[in-house]
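Residue numbers (this note's numbering): 10 to 317.
Where a beta carbon is used, it is the ideal one built from N, C-alpha and C, also for glycine.
Structure, as C-alpha cells:
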C-alpha cells in the first residue's frame with residue numbers, strides 16, 4: 010500500500026464561491042446569485058470543518074492550511090490541482106489554465122511541506138502557462154504510484170505536452186484517452202470520472218467513446234490487478250468518480266466520498282467497494298454545487314516522513 014497515504018493537506022476557504030473563470034468548462038458547478046454569496050461562504054466553511062473532523066476521527070492526519078483573505082481565491086479549497094508530493098522526496102507545482110487559480114500557488118505552503126517532510130527536490134511546470142500548456146495536478150492525472158502509470162483524459166486543462174514532461178521526469182508510462190459529458194463536451198478533469206484504489210478502479214467507461222482508448226485503459230487496469238467498478242454518466246454527474254482512497258495511521262483502508270456520490274451508487278457497487286476498503290461519506294453539497302468539485306478535489310496527498 011505504498012501508493013496510499015495517511016497524511017493529507019486541505020485548505021480552509023476564506024472566499025469560496027462560483028469562479029467565473031472556471032464555469033465555462035467545468036460543467037459540474039452552478040453560478041450563485043449575489044444574494045447567496047455570503048451564505049455560501051459560511052456553509053462551505055462548515056462543510057469543510059466537518060470533513061476534517063470526520064477524517065481525523067478515522068485516524069487520518071490532516072494538515073489544515075488557512076486560505077489568505079487576499080488575493081481572493083474562490084477555488085483555494087481545491088489544492089490538489091496546483092501541487093503534488095511524491096515518495097522520492099519531491100514536490101511539483103503545475104500550470105493552471107484559469108488565471109484566478111494561479112494565485113492559489115503559495116510558496117509558504119511549499120516551504121512548510123519541505124520543512125515538515127523529506128521533500129528535497131522541487132520541480133515547477135508553471136512556466137508553461139506562458140505557452141498555454143496546462144496540467145492541473147491530480148485533477149488532470151490519476152497516478153498509479155506503485156506501477157508507475159499515469160492515466161489522463163486530454164482536455165483544455167490537461168495538455169499532452171506537459172503530461173509527457175511529467176512522465177519523463179518520474180519514469181511513468183502514460184495511458185491517455187478522451188472522455189466526454191452528456192452534451193459531448195470534454196470532461197475537464199480526469200478525476201471526476203476515474204478513481205484508483207490499491208486493488209480496484211472506479212471508471213466511467215461510458216464517457217470514453219473511442220473503442221481503442223477504452224480497451225487500452227481497461228487492459229492497463231486489469232493488467233495491474235485492479236477490479237474495475239464501472240459507473241454511469243449519471244453517477245459521474247453525482248461525483249461518484251471523484252473519490253480518494255486513504256489509509257489510517259493503523260493501516261486501515263478507506264474510500265472517501267461525498268454523500269451525493271454514495272447516494273448515487275447501487276447496492277452492488279457499494280458491496281464491490283466495501284470488499285476492498287471501508288467507506289467514509291462526507292456531506293458537502295454546497296461545495297459540490299458551487300465549486301464543481303467533490304472530496305477528492307479537496308485533498309492533496311502528502312508523502313514523506315515527518316521531521317521531528
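Practice prompt. From the DSSP output, in three-state form, read off residue 217 for me.
Written response: The residue you call residue 217 lines up with position 208 of the chain shown. In the structure shown, residue 217 sits in coil (DSSP, three-state: anything other than H, G, I, E or B).
Worksheet item: Are residue 215 and residue 239 closer than 9 Å when you measure CB to CB?
Response: To locate residue 215, count along the chain shown from 1; it is residue 206. To locate residue 239, count along the chain shown from 1; it is residue 230. Yes, the Cβ-Cβ distance between residue 215 and residue 239 is below 9 Å.
Fill in: Per-residue burial, residue 10 [other beta carbons within 10 Å of its own, 16 or more giving buried]
Residue numbering aside, residue 10 sits at position 1 when the chain shown is read from its first letter. The residue is exposed, with fewer than 16 neighbouring Cβ atoms inside 10 Å.
Worksheet item: Quick one: what's got a C-beta closer than 7 Å to residue 171's C-beta in the same chain, skipping five residues either side?
Response: Position 162 of the chain shown, counted from the start, is the residue given in the question as residue 171. Closer than 7 Å at Cβ, skipping near neighbours: 104, 134, 137, 142, 143 and 144.
Practice prompt. Name, in chain order, the residues that DSSP records as bridge partners for residue 95.
Written response: Position 86 of the chain shown, counted from the start, is the residue given in the question as residue 95. Looking at the DSSP output, residue 95 sits in a beta bridge with 99.
Practice prompt. Rounded to whole angstroms, what's the CA-CA distance from residue 55 to residue 303? Just pull it up for me.
Written response: In the chain shown, counting from the first residue as 1, residue 55 sits at position 46. In the chain shown, counting from the first residue as 1, residue 303 sits at position 294. Their Cα atoms are separated by approximately 15 Å.
Discussion item. If I measure Cβ to Cβ from residue 208 and keep anything under 7 Å in the same chain, skipping five residues before and after, which residues do I get?
Written reply: Position 199 of the chain shown, counting from 1, holds the residue named residue 208. For residue 208, where only same-chain residues beyond five positions count, the Cβ hits under 7 Å are 234, 235, 236 and 285.
Worksheet item: Is the beta carbon of residue 69 less than 9 Å from the beta carbon of residue 92?
Response: Here residue 69 is taken as the residue at index 60 of the chain shown, counted from 1. Here residue 92 is taken as the residue at index 83 of the chain shown, counted from 1. No, they are not a contact pair.
Worksheet item: Just how far apart, CA to CA, sit residue 245 and residue 212?
Response: As a first step, residue 245 is located in the chain shown; it is residue number 236 there, counting from the start. As a first step, residue 212 is located in the chain shown; it is residue number 203 there, counting from the start. When rounded, the distance between both Cα atoms is 9 Å.
Discussion item. I need the DSSP call for residue 176, collapsed to helix, strand or coil.
Written reply: Locating residue 176 in the chain shown gives position 167, counting from the first residue. Here residue 176 sits in helix by DSSP.
Practice prompt. Could you spell out where the beta strand (DSSP E) holding residue 236 opens and where it closes?
Written response: Counted from its first residue, the chain shown places residue 236 at position 227. Start and end: 236-239.
Worksheet item: Looking at the structure shown, is residue 284 part of a helix, part of a strand, or coil, going by DSSP?
Response: The count along the chain shown starts at 1 and reaches residue 284 at position 275. Residue state for residue 284 is assigned as coil, using DSSP reduced to three classes.
Worksheet item: In terms of residues, what are the limits of the alpha helix (DSSP H) holding residue 272?
Response: Looking up residue 272 in the chain shown gives position 263. Here the alpha helix (DSSP H) through residue 272 covers 268-273.
Worksheet item: When we look at the beta-carbon of residue 294 and count the other beta-carbons within 10 Å, is it buried (16 or more) or exposed?
Response: Indexing the chain shown from 1 puts residue 294 at position 285. Per the 10 Å Cβ criterion, exposed.
Worksheet entry | In DSSP terms, what residue 263 is bridged to | Locating residue 263 in the chain shown gives position 254, where the first residue counts as 1. Bridge partners of residue 263: 255 and 287.
Worksheet item: Just how far apart, CA to CA, sit residue 308 and residue 154?
Response: On the chain shown, residue 308 is found 299 positions in, with the first residue counted as 1. On the chain shown, residue 154 is found 145 positions in, with the first residue counted as 1. Their Cα atoms are separated by approximately 17 Å.
Worksheet item: Does DSSP put residue 307 in a helix, a strand or coil?
Response: One-based indexing of the chain shown puts residue 307 at position 298. Looking at residue 307 - three-state DSSP - the assignment turns out to be helix.
Worksheet item: Are the Cβ atoms of residue 206 and residue 13 separated by less than 9 Å?
Response: By 1-based counting over the chain shown, the position of residue 206 is 197. By 1-based counting over the chain shown, the position of residue 13 is 4. It is a contact, given that the beta carbons lie within the stated cut-off.
Practice prompt. With a cut-off of 8 Å on the beta carbons, I'd call residue 146 and residue 89 a contact; round off their distance for me.
Written response: Counting from one through the chain shown, the residue named residue 146 turns up at place 137. Counting from one through the chain shown, the residue named residue 89 turns up at place 80. Yes, residue 146 and residue 89 are in contact; Cβ-Cβ is about 5 Å, under 8 Å.
Item to complete: Measuring alpha carbon to alpha carbon, tell me which of 269, 278, 198 and 310 ends up nearest residue 296.
Response: As a first step, residue 296 must be located in the chain shown, where it is residue number 287. If we check each option's Cα against that of residue 296, 269 comes out closest.
Discussion item. I'd like the span of the alpha helix (DSSP H) that includes residue 125, first residue to last.
Written reply: Stepping through the chain shown from its first residue, residue 125 is reached at position 116. Taken as a continuous stretch (DSSP letters only), the alpha helix (DSSP H) holding residue 125 covers 116-125.
Practice prompt. Look at the alpha carbon of residue 44 and the alpha carbon of residue 168, and state the distance between them as a whole number of angstroms.
Written response: Looking up residue 44 in the chain shown gives position 35. Looking up residue 168 in the chain shown gives position 159. Since pLDDT at residue 44 reaches only 49, below the 50 mark, its modelled position is unreliable, and no value is offered.
Worksheet item: For residue 319 versus residue 273, is the C-beta distance shorter than 9 Å?
Response: With the chain covering only 10 through 317, there is no way to say anything about residue 319.
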